[in-house]
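A.B. asks:
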Amino acid sequence: MRFSKRLTLLASSALVAGGIGFFSFKNDDRFFEIARNLDIYATLFKELNLYYVDEINPNRMVKTSIDGMLKALDPYTNFFAEDEIEDYMTMTTGRYNGIGALIGQRQGKSIVLMVYEGTPAEKSGLQIGDEVIKIDGVDIKARKEADPGKLLKGQNNTAVKLTVQRYGEKNPVELSVIRDVVKMTNVPYYGMVSEDVGYIDLKDFTATASREVRTAFQELKGKGMKKLILDVRENPGGLLNMAIDICNTFIPKDSEVVTTKGKVTEWNKTYTALNPPLDLEMPIIVLTNNHSASAAEIVSGVIQDYDRGVLIGQRTYGKGLVQTTRELSFNTKLKITTAKYYIPSGRCIQAIDYSHRNPDGSVGKIPDSLKTAFKTKAGRVVYDGGGVLPDVVIEAQTPTPIALSLTNKGLIFDYAVKYRHDHPTIKPAREFRLTDAEYADFAKWVADKEYDYTTQVEKDLGTLEASAKKEKYFDQIQDQLKSLKTKMSHSKDADLNTFKPEIRTLLEQEIAGHYYLQRGLKESSFATDPEMKAALDLFKDMGRYSTILKGK
Numbered sequence: 001m002r003f004s005k006r007l008t009l010l011a012s013s014a015l016v017a018g019g020i021g022f023f024s025f026k027n028d029d030r031f032f033e034i035a036r037n038l039d040i041y042a043t044l045f046k047e048l049n050l051y052y053v054d055e056i057n058p059n060r061m062v063k064t065s066i067d068g069m070l071k072a073l074d075p076y077t078n079f080f081a082e083d084e085i086e087d088y089m090t091m092t093t094g095r096y097n098g099i100g101a102l103i104g105q106r107q108g109k110s111i112v113l114m115v116y117e118g119t120p121a122e123k124s125g126l127q128i129g130d131e132v133i134k135i136d137g138v139d140i141k142a143r144k145e146a147d148p149g150k151l152l153k154g155q156n157n158t159a160v161k162l163t164v165q166r167y168g169e170k171n172p173v174e175l176s177v178i179r180d181v182v183k184m185t186n187v188p189y190y191g192m193v194s195e196d197v198g199y200i201d202l203k204d205f206t207a208t209a210s211r212e213v214r215t216a217f218q219e220l221k222g223k224g225m226k227k228l229i230l231d232v233r234e235n236p237g238g239l240l241n242m243a244i245d246i247c248n249t250f251i252p253k254d255s256e257v258v259t260t261k262g263k264v265t266e267w268n269k270t271y272t273a274l275n276p277p278l279d280l281e282m283p284i285i286v287l288t289n290n291h292s293a294s295a296a297e298i299v300s301g302v303i304q305d306y307d308r309g310v311l312i313g314q315r316t317y318g319k320g321l322v323q324t325t326r327e328l329s330f331n332t333k334l335k336i337t338t339a340k341y342y343i344p345s346g347r348c349i350q351a352i353d354y355s356h357r358n359p360d361g362s363v364g365k366i367p368d369s370l371k372t373a374f375k376t377k378a379g380r381v382v383y384d385g386g387g388v389l390p391d392v393v394i395e396a397q398t399p400t401p402i403a404l405s406l407t408n409k410g411l412i413f414d415y416a417v418k419y420r421h422d423h424p425t426i427k428p429a430r431e432f433r434l435t436d437a438e439y440a441d442f443a444k445w446v447a448d449k450e451y452d453y454t455t456q457v458e459k460d461l462g463t464l465e466a467s468a469k470k471e472k473y474f475d476q477i478q479d480q481l482k483s484l485k486t487k488m489s490h491s492k493d494a495d496l497n498t499f500k501p502e503i504r505t506l507l508e509q510e511i512a513g514h515y516y517l518q519r520g521l522k523e524s525s526f527a528t529d530p531e532m533k534a535a536l537d538l539f540k541d542m543g544r545y546s547t548i549l550k551g552k
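Here it is as structure tokens:
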């Protein structure tokens with residue numbers, strides 16, 4: 001009852017505040033509707049609390065209702081409750097107090113999926129593939145509600161005791177890890193990929209992104225870098241000011257970077273490069289894909305709009321929306337979409353129209369007929385409304401059904417754990433290759449594992465059979481269908497051989513990651529990465545590089 005009384009007071013306060021606004025703006029029907037619906041909501045909540053058959057959790061109920069309301073707007077307007085603020089701070093700063101390991105759920109087990117370089121987890125000897133059984137004595141298998149990620153976080157210089165089951169070990173292993181500030185780097189890898197080509201892998205835009213990119217650039221230049229590959233694939237974006245600073249690395253001071261336009265006109269602003277650039281002449285190639293979003297698209301689009309470099313890969317995601325964080329009561333926050341951004345050519349790359357929903361609530365992409373042509377500094381034609389289209393498009397690789405199944409079932413990962421146990425050392429990641437005998441060992445190991453799958457041809461035959469039955473043609477073609485099914489029915493053994501190059505590449509990259517962590521994953525991919533190959537080939541033909549930038 002105490003809660004219902006407090007809720008009534010809160011509702012009354014809301015109405016008083018609403019009343020003041022209403023009389024001040026009595027012609028504003030919208031404000032009346034807001035006050036009216038707040039009253040309905042507060043009354044409904046009070047009735048639920050008083051009469052619902054079971055006890056309700058007010059925090060959970062309100063959070064659910066707020067999330068439902070915001071979901072009707074766009075995916076980027078989010079509410080953060082007080083107990084989520086730490087996660088919010090980690091998202092924006094890339095820092096948290098913990099051990100530096102990624103724990104994931106696999107078949108009801110808490111498995112170490114990655115150990116980050118230089119963190120307490122690595123120093124303690126924690127390994128990828130370890131199953132975490134207990135954290136500070138808490139049996140996380142028995143307590144399903146226990147969140148390993150939260151249990152591992154804590155104050156700096158405090159110890160957390162882990163009990164892990166390691167592959168090949170009969171008894172559990174006990175580890176004591178001293179927590180520290182863990183910094184998730186925006187640039188997990190950079191290095192020279194040829195005699196004169198440097199590579200920077202930019203994966204996020206938290207508060208230190210610009211500094212990390214500048215540091216990497218200067219170090220690589222000191223090692224003889226004459227050309228740069230900047231990789232923003234799989235980069236979801238982040239802080240706008242970091243995108244502006246990174247663009248500033250390669251374009252002149254005072255150059256326009258991005259303009260934001262929204263409902264609140266005084267917030268509309270054009271952002272320019274504030275500092276002297278590090279380099280205005282070095283040839284640049286930016287690698288993009290359809291998961292390059294937001295700040296990553298600003299960097300890609302600015303490089304393209306100023307003809308400062310060539311983009312290679314797939315069309316970017318198309319998120320041209322800006323979010324601002326607003327402080328709310330009781331230490332909660334609202335991350336709200338306040339504007340759209342426009343890059344120097346004048347285009348907005350927002351691909352989805354959230355303001356006009358279909359009757360079923362879904363949203364569609366902006367049709368090509370509504371897209372507008374713009375021009376880069378050199379006069380090349382580019383378009384708005386659909387992400388950033390690279391100058392050199394590389395078709396995205398689609399994994400084969402067997403490779404996808406082996407990955408999703410965790411069998412590529414599990415074999416890498418086994419391989420790590422059986423082989424104390426391997427060659428450097430760039431040189432590591434599985435022998436034919438080792439691949440045959442994998443095929444033998446996986447033979448009794450469950451990883452069935454359906455190929456696209458089998459799906460299409462199933463659809464054809466269903467259509468034939470529906471339209472009464474089945475009797476006429478059932479013999480042919482049966483024959484086709486027999487011929488096209490997949491054999492795991494045959495597929496392991498047919499798609500050996502793809503599966504072996506996945507194995508090599510996963511195994512390298514178990515030995516050399518994130519650096520190993522990246523360096524092992526260089527030899528088979530189609531976008532990387534296309535970039536290196538283009539850098540060998542600088543005449544073609546120049547022609548692309550001139551739009552010829």
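Numbering-wise, UniProt numbering puts 86 at position 86 of the sequence shown, and it's gapless, one number per residue. The C-beta atom is built at its ideal place from N, Cα and C for all residues, glycine as well.
Bridge partners for residue 256 per DSSP, in chain order?
C.D. replies: Paired residues: 272.
A.B. asks: For the alpha helix (DSSP H) that contains residue 89, what are its first and last residues?
C.D. replies: Per DSSP, residue 89 belongs to the alpha helix (DSSP H) from 85 to 93.
A.B. asks: Suppose the cutoff is 6 angstroms on Cβ atoms and the five residues either side in sequence are ignored; what does the same chain contact list for residue 420 look like?
C.D. replies: Result list for residue 420: 514, in chain order.
A.B. asks: Using the three-state DSSP reduction, which class does residue 251 fall into: helix, strand or coil?
C.D. replies: Residue 251: coil per DSSP, three-state reduction.
A.B. asks: Pull up the CB-CB distance for residue 173 and residue 131, whole angstroms please, since I reckon it's below 8 angstroms.
C.D. replies: Actually they do not touch by this definition, with Cβ atoms about 10 angstroms apart.
A.B. asks: Are residue 531 and residue 287 touching if we call contact CB-CB under 8 angstroms?
C.D. replies: Yes. Within cutoff.
A.B. asks: Ends of the beta strand (DSSP E) at residue 41?
C.D. replies: Looking at the DSSP string, residue 41 is not in any beta strand (DSSP E); the run it does join, the alpha helix (DSSP H), is 29 to 51.
A.B. asks: Would you say residue 175 and residue 124 are within 8 angstroms of each other, going by their C-beta atoms?
C.D. replies: Contact flag set, yes.
A.B. asks: What does a CB cutoff of less than 8 angstroms around residue 153 pick up in its chain, not counting 5 residues either side in sequence?
C.D. replies: So the qualifying residues of the chain are 86, 96, 97, 98, 179.
A.B. asks: If you drop the 5 nearest sequence neighbours on each side, which residues of the same chain put their C-beta closer than 8 angstroms to that of residue 340?
C.D. replies: Answer for residue 340: 260, 261, 262, 320, 321, 322, 348, 350, listed in chain order.
A.B. asks: Is it the case that the segment 364 to 371 contacts the segment 322 to 331, given that we only count it when at least three CB pairs across the two stretches are under 8 angstroms?
C.D. replies: Judged by Cβ distances under 8 angstroms, the segment 322 to 331 makes no contact with the segment 364 to 371, as fewer than three pairs qualify.
A.B. asks: For my contact list, residue 378 and residue 202 are in at a C-beta cut-off of 8 angstroms; report their separation, rounded to the angstrom.
C.D. replies: Residue 378 to residue 202, Cβ: 25 angstroms. No contact.
A.B. asks: Can you find the residues in the same chain that come closer than 6 angstroms, C-beta to C-beta, to residue 497, ignoring five residues on each side of it along the sequence?
C.D. replies: For residue 497, where only same-chain residues beyond five positions count, there are no Cβ hits under 6 angstroms.
A.B. asks: Go through its chain and collect everything with a Cβ distance to residue 57's Cβ below 7 angstroms, but skip five positions before and after it.
C.D. replies: Within the same chain, residue 57 has no close Cβ partners at all.
A.B. asks: Taking just the CA atoms, how far does residue 504 sit from residue 438?
C.D. replies: Their backbone Cα atoms lie some 10 angstroms apart in a straight line.
A.B. asks: Please classify residue 378: does DSSP put it in a helix, a strand, or coil?
C.D. replies: The answer is coil: DSSP assigns residue 378 none of H, G, I, E or B.
A.B. asks: Beta carbon of residue 273, beta carbon of residue 238: below 8 angstroms?
C.D. replies: It is not a contact, given that the beta carbons lie outside the stated cut-off.
A.B. asks: Do you know how far the Cα of residue 491 is from the Cα of residue 499?
C.D. replies: About 12 angstroms.
A.B. asks: Indicate whether residue 159 and residue 186 have their beta-carbon atoms separated by less than 8 angstroms.
C.D. replies: Cβ distance not < 8 angstroms, so residue 159 and residue 186 don't count as in contact.
A.B. asks: Does the distance from the C-beta atom of residue 519 to that of residue 117 stay below 8 angstroms?
C.D. replies: In this structure, residue 117 lies closer than 8 angstroms to residue 519 by Cβ.
A.B. asks: How would you label residue 386, buried or exposed, when you count the other beta carbons within 10 angstroms and need 16 or more for buried?
C.D. replies: Answer is buried; the Cβ neighbour count reaches 16.
A.B. asks: If contact is defined by three or more beta carbon pairs under 8 angstroms, each pair taking one atom from either stretch, is the segment 530 to 547 in contact with the segment 192 to 200?
C.D. replies: They touch, by the three-pair rule.
A.B. asks: Measure how close the beta-carbons of residue 284 and residue 303 come, nearest whole angstrom, since I'm counting them as under 8 angstroms.
C.D. replies: About 6 angstroms; that satisfies the 8 angstroms criterion.
A.B. asks: Determine the direct distance from the alpha carbon of residue 110 to that of residue 137, and round the result to whole angstroms.
C.D. replies: C-alpha separation (whole angstroms): 15 angstroms.
A.B. asks: Taking the C-alpha atoms as reference points, what is the distance between residue 389 and residue 344?
C.D. replies: Taking the straight line joining both Cα atoms gives about 15 angstroms.
A.B. asks: Under a Cβ-count criterion, where at least 16 other Cβ atoms within 10 Å of its own Cβ denotes burial, should residue 127 be classed as buried or exposed?
C.D. replies: Buried.
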